[in-house]
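For the sequence shown, the UniProt record's numbering gives the first residue as 1, with consecutive numbering after it.
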Amino acid sequence: MAKVTIDGIEVEVADGTTILNAARQIGGEVVPPAMCYYSTLKDTGGKCRVCLVKVTQGSAKDPRPMPKLVASCRTPVMDGMVVQNITSPEVLEARKGVVEFLLLNHPLDCPVCDQAGECDLQNLSYEHGVGKTRYEEDRRTFEKIDIGDKIKLHMTRCILCYRCTFVADQLTNERVHGVLNRGDASEISTYIEKAVDNDFSGNMIDVCPVGALTDKTFRFKSRVWFTKPLDAHRNCDKCCGKVVLWTKGDDVLRVSARKDQFNEVKEYICNECRYDHKDMKDWTIEGPRHIDRHSVISQNHYEKIDMQKLKLDIDRQLTFQKGKQLPETTNS
Numbered sequence: 001m002a003k004v005t006i007d008g009i010e011v012e013v014a015d016g017t018t019i020l021n022a023a024r025q026i027g028g029e030v031v032p033p034a035m036c037y038y039s040t041l042k043d044t045g046g047k048c049r050v051c052l053v054k055v056t057q058g059s060a061k062d063p064r065p066m067p068k069l070v071a072s073c074r075t076p077v078m079d080g081m082v083v084q085n086i087t088s089p090e091v092l093e094a095r096k097g098v099v100e101f102l103l104l105n106h107p108l109d110c111p112v113c114d115q116a117g118e119c120d121l122q123n124l125s126y127e128h129g130v131g132k133t134r135y136e137e138d139r140r141t142f143e144k145i146d147i148g149d150k151i152k153l154h155m156t157r158c159i160l161c162y163r164c165t166f167v168a169d170q171l172t173n174e175r176v177h178g179v180l181n182r183g184d185a186s187e188i189s190t191y192i193e194k195a196v197d198n199d200f201s202g203n204m205i206d207v208c209p210v211g212a213l214t215d216k217t218f219r220f221k222s223r224v225w226f227t228k229p230l231d232a233h234r235n236c237d238k239c240c241g242k243v244v245l246w247t248k249g250d251d252v253l254r255v256s257a258r259k260d261q262f263n264e265v266k267e268y269i270c271n272e273c274r275y276d277h278k279d280m281k282d283w284t285i286e287g288p289r290h291i292d293r294h295s296v297i298s299q300n301h302y303e304k305i306d307m308q309k310l311k312l313d314i315d316r317q318l319t320f321q322k323g324k325q326l327p328e329t330t331n332s
């Protein structure tokens with residue numbers, strides 16, 4: 001076991017744990033963002049660089065700081081390591097630069113993008129983006145293409161996180177798409193005369209952090225914050241059968257896999273559950289989906305507050321503020 005301190009909070013984790021996963025055990029604001037890392041997919045991470053952190057003390061045995069910012073998703077912890085994330089101005093400035101770099105070719109077409117409200121890059125650009133870009137060259141543009149009968153690829157929005165290729169590699173027997181060409185000409189595409197057609201191809205949509213891969217059966221049907229997400233399940237021979245139904249009245253507009261608090265899918269679903277069962281009668285409804293209050297999806301979605309979870313969040317925030325008391329409210 002190793003003890004690591006992140007933004008003033010100490011946590012004990014197993015040897016070999018990365019800084020990012022150690023921060024996730026603490027939770028809250030100290031968790032670095034991640035656009036390419038995915039805990040359920042092997043070999044992901046180290047590409048987008050938004051999870052950069054500053055290691056001010058390498059370990060108890062060697063207290064020297066690391067000379068450069070490191071990718072927290074790829075750097076294992078050492079006993080006695082001290083890490084700064086949001087408490088380091090250097091990290092915040094570097095993250096701001098990384099977001100600016102990601103937005104060089106990615107258009108902020110959120111008003112017409114189906115990923116709006118669920119987009120990690122949208123959140124990052126809101127928190128760390130700049131009002132103007134210094135980029136003066138022509139941007140990359142691509143035509144929209146179909147890489148499957150139900151998947152639309154909008155390559156102009158792609159940030160080359162490689163998540164979709166890892167999903168195809170690790171969930172299917174034969175991958176027919178990947179990254180073609182090099183440098184500025186790199187793009188996600190299928191091999192000649194091939195189309196993505198397998199029972200788990202829809203999971204490429206769920207893992208995409210931006211609006212590059214979208215569900216053709218849901219495109220332009222509704223903004224996500226106008227829908228009501230419900231947890232549901234069914235008996236399925238191919239997958240776990242546990243999904244989220246995005247509903248409007250009695251209509252099921254979209255079926256997706258369930259994601260955790262870090263926006264990652266833990267149990268992938270098959271295409272039969274995703275596309276062929278869009279009738280409420282096909283599912284056993286468990287109840288409303290919990291939505292984080294900071295998300296735009298939470299608009300007009302109300303649920304009973306978990307007081308125990310709220311207490312843990314408050315305790316964690318007080319620890320992060322090093323014992324500072326929250327400001328007292330006065331009744332006016």
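Just so you know, even glycine gets a beta-carbon here, dropped at the ideal spot from N, CA and C.
- With contacts defined as CB atoms closer than 8 Å, Leu103 and Gly129 qualify as a contacting pair.
- The Cβ atoms of Asn263 and Gly202 lie no closer than 8 Å to each other.
- Classified as exposed, Thr133 has fewer than 16 neighbouring CB atoms from the shown chains inside 10 Å of its CB.
- Within its own chain, the residues whose Cβ lies closer than 8 Å to the Cβ of Thr284, once the five positions on either side in sequence are excluded, are Ala232, His233, Arg234, listed in chain order.
- Pairing Pro32 with Ser72 gives a Cβ-Cβ distance under 8 Å.
- Judged by DSSP secondary structure, Gln261 falls outside any alpha helix (DSSP H); it is assigned neither H nor E.
- By the 16-neighbour rule on beta-carbons within 10 angstroms, Leu253 is buried.
- For Asp251, the beta-bridge partners assigned by DSSP are Lys248.
- Between Val82 and Thr5, the CB-CB gap stays under 8 Å.
- For Asp215, the secondary structure class from DSSP, reduced to helix, strand or coil, is strand.
- In this structure, Ala116 keeps its C-beta atom at 8 Å or more from the C-beta atom of Cys158.
- The segment 87-103 and the segment 43-57 touch, with three or more beta-carbon pairs separated by less than 8 Å.
- Around the CB of Leu41, 16 or more other CB atoms lie within 10 Å, so the residue is classed as buried.
- Around the CB of Gln84, 16 or more other CB atoms lie within 10 Å, so the residue is classed as buried.
- Assignment of Lys242 by DSSP, reduced to helix, strand and coil, places it in the strand class.
- Under the DSSP assignment, Lys96 falls in the alpha helix (DSSP H) whose first and last residues are 89-102.
- The beta carbon of Tyr37 lies closer than 6 Å to those of Thr44, Gly45, Cys73 in the same chain, with the five residues before and after it left out.
- Annotated three-state conformation of Glu272 is helix, per DSSP.
- Taking Ser222 as the centre and dropping the five residues before and after it, the same chain places the C-beta of Lys248, Leu253 closer than 7 Å to its C-beta, in chain order.
- A direct Cα-Cα distance of roughly 40 Å separates Pro67 from Ala257.
- Here DSSP, grouped into helix, strand and coil, assigns Ser125 to helix.
- A residue is called buried once 16 or more other Cβ atoms fall within 10 Å of its Cβ, and Pro229 is buried on that count.
- Distance between Ile86 and Met280, taken at the CA atoms: about 43 Å.
- Each of Arg289, Asp250, Cys273, Tyr275 was checked against the Cα of Gln261, and the nearest Cα belongs to Arg289.
- In this chain, Thr156 is not harboured by any alpha helix (DSSP H), its DSSP state being neither H nor E.
- Around the Cβ of Asp62, a 10 Å sphere holds fewer than 16 other Cβ atoms; the residue is exposed.
- Taking C-beta separations shorter than 7 Å and ignoring five residues to either side along the sequence, the partners of Gln122 in its chain run Cys110, Ala116, following chain order.
- The straight-line gap separating the alpha-carbon atoms of Val265 and Tyr135 is approximately 34 Å.
- Nearest to Asp120 by alpha-carbon distance, out of Val207, Gly27, Asn173, Ser88, is Val207.
- When the Cα atoms are used, Val91 and Arg316 turn out to be separated by approximately 22 Å.
- Beta-bridge annotation (DSSP): Pro288 is paired with Leu230.
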